[in-house]
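Numbering (our numbering), first residue to last: 117 to 385.
Positions of the beta carbon are idealized from the N, C-alpha and C atoms, including for glycine.
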């Protein structure tokens with residue numbers, strides 16, 4: 117036969133298989149994929165970036181409601197407003213966007229399939245967390261630049277405390293998103309996540325500090341993760357300090373949500 121090797125010929129050496137990717141490379145590759153997915157969702161970009169931008173510009177140009185009250189009495193309006201808008205952006209990406217994405221990935225079977233790959237469930241969740249931090253960082257750069265144009269001058273000493281608050285707040289809201297998006301049906305998550313976003317943005321202590329609210333409700337609002345995130349960033353970027361109270365509230369929410377998500381999260385419908 118014309119294509120047969122001659123008798124006694126030595127076969128060519130086999131091409132060595134390429135070594136498998138390291139766990140870190142797998143996580144980084146998946147994180148890049150998750151980040152591109154988050155940035156390509158037009159509807160979620162409206163919630164996570166456009167609406168905070170509108171809130172920043174709109175509230176900066178009007179004199180009401182009074183934001184510079186309580187611990188921040190006498191401060192410039194934009195200096196109190198900007199940290200609240202940054203907190204709103206973190207909440208939008210880490211909670212609303214992740215809860216909805218997680219719910220639909222469950223319904224489509226994506227989570228179940230990815231959980232069986234060499235990436236593993238732990239690697240997948242780590243990649244999702246990294247993608248949230250990347251998108252949050254991009255949001256903060258854009259919003260911070262616009263706020264600076266509007267006259268915002270954050271306290272330089274508060275940059276490190278602000279970073280700690282952002283990371284802890286993103287973790288708390290991402291775990292809350294895993295609890296919501298990992299248990300309910302996709303359509304219910306879509307409605308509930310957006311409703312919670314509206315309620316927390318309007319009265320959850322994010323844009324409006326709890327100190328501006330009636331004395332009857334202010335203590336209760338202060339225990340919400342949204343208020344803790346907002347107050348933590350205001351303390352950092354206005355006063356240049358760590359605020360122990362908001363940090364402890366965020367930590368408590370993160371631990372509680374993590375325990376619930378670990379037990380309740382379903383990888384498929």
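Measuring only the C-alpha atoms, how far is residue i from residue j?
i, j, result
"residue 285", "residue 354", "18 Å"
"residue 318", "residue 208", "13 Å"
"residue 89", "residue 323", "Since the first residue shown for the chain is 117 and the last is 385, residue 89 is missing from the structure and cannot be characterised."
"residue 342", "residue 202", "11 Å"
"residue 259", "residue 204", "11 Å"
"residue 161", "residue 154", "8 Å"
"residue 282", "residue 379", "26 Å"
"residue 374", "residue 240", "16 Å"
"residue 230", "residue 237", "7 Å"
"residue 336", "residue 251", "30 Å"
"residue 182", "residue 197", "10 Å"
"residue 221", "residue 227", "6 Å"
"residue 365", "residue 180", "28 Å"
"residue 377", "residue 298", "7 Å"
"residue 334", "residue 187", "13 Å"
"residue 167", "residue 381", "29 Å"
Let me confirm a value: residue i is counted as buried when at least 16 other C-beta atoms fall within 10 Å, else exposed. Which label applies?
i, result
"residue 159", "exposed"
"residue 117", "Reliability of the predicted coordinates at residue 117 is poor, the pLDDT of 49 falling under 50, and the value obtained from them is presented with this limitation in mind. Exposed is the call here."
"residue 242", "buried"
"residue 193", "buried"
"residue 326", "buried"
"residue 321", "buried"
"residue 111", "Past the edges of the chain, shown from 117 to 385, lies residue 111, and the structure says nothing about it."
"residue 332", "exposed"
"residue 138", "exposed"
"residue 164", "buried"
"residue 316", "buried"
"residue 190", "exposed"
"residue 145", "exposed"
"residue 314", "exposed"
"residue 225", "exposed"
Who are the Cβ neighbours of residue i in its own chain at under 7 Å, not counting the five residues just before and after it?
i, result
"residue 170", "none"
"residue 296", "215, 305, 308 and 309"
"residue 142", "234, 235 and 239"
"residue 344", "362, 365 and 366"
Quick test of your reading: residue i and residue j, contact by CB under 8 Å. State the CB separation rounded to the nearest angstrom.
i, j, result
"residue 176", "residue 266", "5 Å"
"residue 352", "residue 277", "4 Å"
"residue 346", "residue 174", "Residue 346 to residue 174, Cβ: 17 Å. No contact."
Short of 8 Å in beta carbon distance, which residues of its chain neighbour residue i, apart from the five on each side in sequence? Order them along the chain.
i, result
"residue 300", "219 and 308"
"residue 223", "301, 302 and 385"
For residue i, which residues of its own chain have a beta-carbon under 6 Å away from its beta-carbon, when the five flanking residues on both sides are left out?
i, result
"residue 147", "243, 246 and 247"
"residue 328", "185"
Taking 7 Å as the line, does the beta carbon of residue i fall inside it for any heavy atom of the ligand NAP?
i, result
"residue 259", "For the ligand NAP, the structure offers nothing, since it holds no ligand at all."
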